Amino acid sequence: MTTVVDVQDVTFSYGNTVALEDISLSIEAGDFLGLIGPNGSGKTTLLHLIIGLHTPDSGSIHLFGERATEFEAGERIGYVAQRSTDRGGSMPVTIREAVLMGRFTHVGHGRLGSEDHKIVDEAIERVGIADLADRPISAVSGGQRQRAFIARALASEADLLALDEPTVGVDADSREEFYGLLDELNQQGITIILIEHDVDVLTTHVNKVACINRQLFHHGDTVSFIESDALSEAYGKQSGVLHHHHP
Amino acid sequence: MSGETDSSGGSDTSDTPDTADTTEPTTAVAPPTPLRRRIQEVGLLVVGLLGLFMIGFIVLDWLRTLPGSVGGLAAGGFGQFLLVGAWMDFYLGTNVFRHPFMWRAIATGVLVGIVGPLVGTYLVHRQMALIGETLAHTAFAGVAIGIVVIGALGVSGSGGQLVFVALIVSIIAALGLQWLVEHTDSYGDVPIAIVLTGSFAVGTLLISWGRSFVSVPIDIEDFLFGDLAIVTADGARLVAVLSVVVVGLVAYNYKQFLFITFDEKAARVARLRVRWYNALLVVLTAIVVVGAMQILGVILVAGLLVIPVAAASQVAQGFRETLYLSVLFGQASIIAGIGVSIWQGLPSGGSVIVVAIGIYLSATVVSDRSPVLSQS
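Structure representation (structure tokens):
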């Protein structure tokens, strides 16, 4: 097994506010890691550090063996944020155009060839929105839209998906389908990091869990996470709110 | 969640938009038909040829000043242009098209009508619409600096030289503004308001102060509201060169600009040099604004960057289509606006903007979709 992400003793602060303290964890190829923690626990910050958007104050982060901030092969990372970060709601962009962006890093300033268009068509087909390809992205549902962003990552031929609460505002049925799709992609060998509030989703879909609240409370497989007290420790007194029963 | 069950086939087609979704589609939009695309491409081709024709005129206007056979040939070609103009005057009953200065103004208008909406499409969707307005005001400060410097040096200042100084000042201001925006978080309107009013203040102070010791060769009002008559031969030449540069750079960086406009964070993750492209975009904006300022005036110039794009965004289904329609609407506004301006003897800037707003309102009426731009 090769290590995709290696986080060593990372500390990060916004000004005087410490967001993350002494975090160490590693993500192996083929992992489906759920990142959980209360609001403001530093989940998104950790994800941004891992994909090289921030530089840690101390410690080191390696992505595919390279320092994350110096990692240049951006096409290997598929990033899907909460829907608020893109302008899909206000900007007329079709699903096909959004997915095509996955090929942009491959071609640089060159022209997109028929091979690129073929890859894009296959990616759109793969996530099950082929019939919506020429619709404006503002005119499809939240679930379909997040599928489009997964398709963009597939078109980019990413082998690491970084997902920051991708199903906020998506209805339960579409959400279940969306996680089903992630399971399939993971089985095909794509490594996934998923920030998720819902413990239910974590226990049914992911195979590793990292539970943080400024510090790392647990990092290991899902079974050991459920058996541990990490969740209640991380959430302090507000624990239990999110816990669903699972046989 | 409502009790509806999803068809178990795994197909997404039956998905209804989420209840939590705020941007529900109001109508089912059909995919663009080949015919629709074809019409746009023909329109663009016409605009492109018109642009080349106008560049041809400006080049001839420049070459005819050269000595020797090149100058002679160019003068012959230039004469043909004016002959066409004379015929146009004859049929239209006007006294306009036989004059070189009019052709220069029209050529400048056509060219800024292409590059304005081109750059504007990215600005509007990056929610940077007012940056054009701000850079126009810095260009005004540039004109003022030009007047004082040229006056103080005692050289005979032409409108073209003033435009050149305005260009330099505007580009420096664009980079400064970008720096300010990066260091004050997001495209807040506070740095924009500061630079906008600040440069206008500096401009008015400089002109008032400069009047006491240099003769100001131009009417400041022309730069404020735009006037076809202030377009000089070297001003037009500058616009021609810059238009080629802007079109070339936008075509070369089309994908990168689109990616950072649509999803800046994902573009950063994909390792696009987002800061570089942002800086390039504001510099291109400065260039376009200075060119367009001659026709539209400092106060109205942002309209050319914003209104055609707003109109296109009402009816377009994808980004490429938005870009195409923005240029077509921008060009239509310019030609009709200059037409009205000539016909009624009105300022060109106001005419162009009023026509553009007419197109925008028509597009809003025609499109039955919810106001796309007002959604965040």
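Chains as they are written, first to last, in my numbering: chain Y, 574 to 820; chain A, 72 to 447. Think of the CB as a built atom: it goes at the ideal place given N, C-alpha and C, for glycine as much as any other residue. Quick caveat, the model's predicted, so the values are computed rather than measured.
Counting other Cβ atoms within 10 Å of its Cβ, R660/Y reaches 16 or more and is therefore classed as buried.
Between R718/Y and F751/Y, the C-beta gap is not smaller than 8 Å, which leaves the two residues out of contact. For the set I600/Y, L620/Y, V680/Y, L789/Y, the Cα lying nearest the Cα of E648/Y is the one of V680/Y. Counted as a single uninterrupted DSSP element, the stretch harbouring H682/Y is not any alpha helix (DSSP H), since DSSP gives it neither H nor E.
Within the region 681–713 of chain Y, contact with chain A at the beta-carbon level (separation under 7 Å) is assigned to H682, G701, I702, D704, D707, R708, P709, S711, A712. A direct Cα-to-Cα measurement between F677/Y and V317/A gives close to 21 Å. Between A145/A and M364/A, the gap from beta carbon to beta carbon reaches 8 Å or more. Closest by C-alpha distance to A383/A, out of R308/A, G150/A, A403/A, is A403/A.
Between the region 691–698 of chain Y and the region 665–675 of chain Y there are three or more inter-stretch CB-CB distances shorter than 8 Å, so the stretches are counted as touching. Assignment of E757/Y by DSSP, reduced to helix, strand and coil, places it in the helix class. Contacts with chain A (Cβ-Cβ distance below 7 Å) from the region 736–765 of chain Y involve G742, V743, D744, A745, D746, S747, listed in chain order. Chain Y has no Cβ within less than 8 Å of the Cβ of R108/A. Taking C-beta atoms under 8 Å as the contact rule, G274/A and V219/A fail to qualify, at a distance of about 10 Å. Contact annotation: the region 420–436 of chain A touches the region 370–383 of chain A, with at least three C-beta pairs closer than 8 Å. For L137/A, the three-state secondary structure derived from DSSP is coil. A Cβ-Cβ separation of about 18 Å leaves F722/Y out of contact with V774/Y under the 8 Å criterion. Excluding its 5 nearest sequence neighbours in each direction, A178/A has C-beta neighbours in its own chain below 7 Å: M125, F128, I129, A307, listed in chain order. In the structure shown, A157/A adopts helical secondary structure according to DSSP, grouped into three states.
For D595/Y, the secondary structure class from DSSP, reduced to helix, strand or coil, is strand. For L767/Y and L394/A, the gap between their C-alpha atoms comes out near 35 Å.
Rounded to the nearest whole angstrom, the CA to CA distance from E749/Y to P739/Y is 12 Å. Of the residues D630/Y, K616/Y, L598/Y, the one whose Cα lies closest to the Cα of Y587/Y is D630/Y. By the C-beta criterion, the region 187–196 of chain A is judged not to be in contact with the region 246–256 of chain A, since fewer than 3 inter-stretch pairs fall below 8 Å. Within the region 331–342 of chain A, those residues whose Cβ lies closer than 9 Å to any Cβ of chain Y are, in chain order, T332, F333, D334, E335, K336, A337, A338, R339, V340, A341, R342. Neighbours of E670/Y across chain A, judged by C-beta separation under 9 Å: L329, F333, G389, F390, R391. Nearest CB-CB separation between S419/A and chain Y: not below the 8 Å threshold. Chain order gives the chain A residues near V666/Y as F333, G389, F390, where near means a beta carbon separation below 7 Å. Three or more Cβ pairs drawn from the region 353–367 of chain A and the region 196–215 of chain A lie within less than 8 Å of each other, which places the two stretches in contact.
Residue-level contact check: A602/Y does not touch chain A, since none of the beta carbons of chain A fall below 8 Å from its beta carbon. Residues of chain Y whose Cβ lies closer than 9 Å to the Cβ of H254/A do not exist; the shortest such Cβ separation is about 15 Å. At a Cβ-Cβ threshold of 8 Å, H778/Y and L755/Y count as neighbours. For S711/Y, the closest alpha carbon among the candidates Q388/A, M199/A, V411/A is that of Q388/A.
Among the residues of chain A, those whose CB is under 9 Å from the CB of E645/Y are R342, following chain order. Taking the Cβ atoms as the reference, S633/Y lies roughly 5 Å from Q581/Y, within the contact range of under 8 Å.
CA-CA distance, G603/Y to L309/A, rounds to 57 Å. Separation of the CB atoms of F333/A and M674/Y is rounded to 7 Å, and the pair is thereby assigned contact status at 8 Å.
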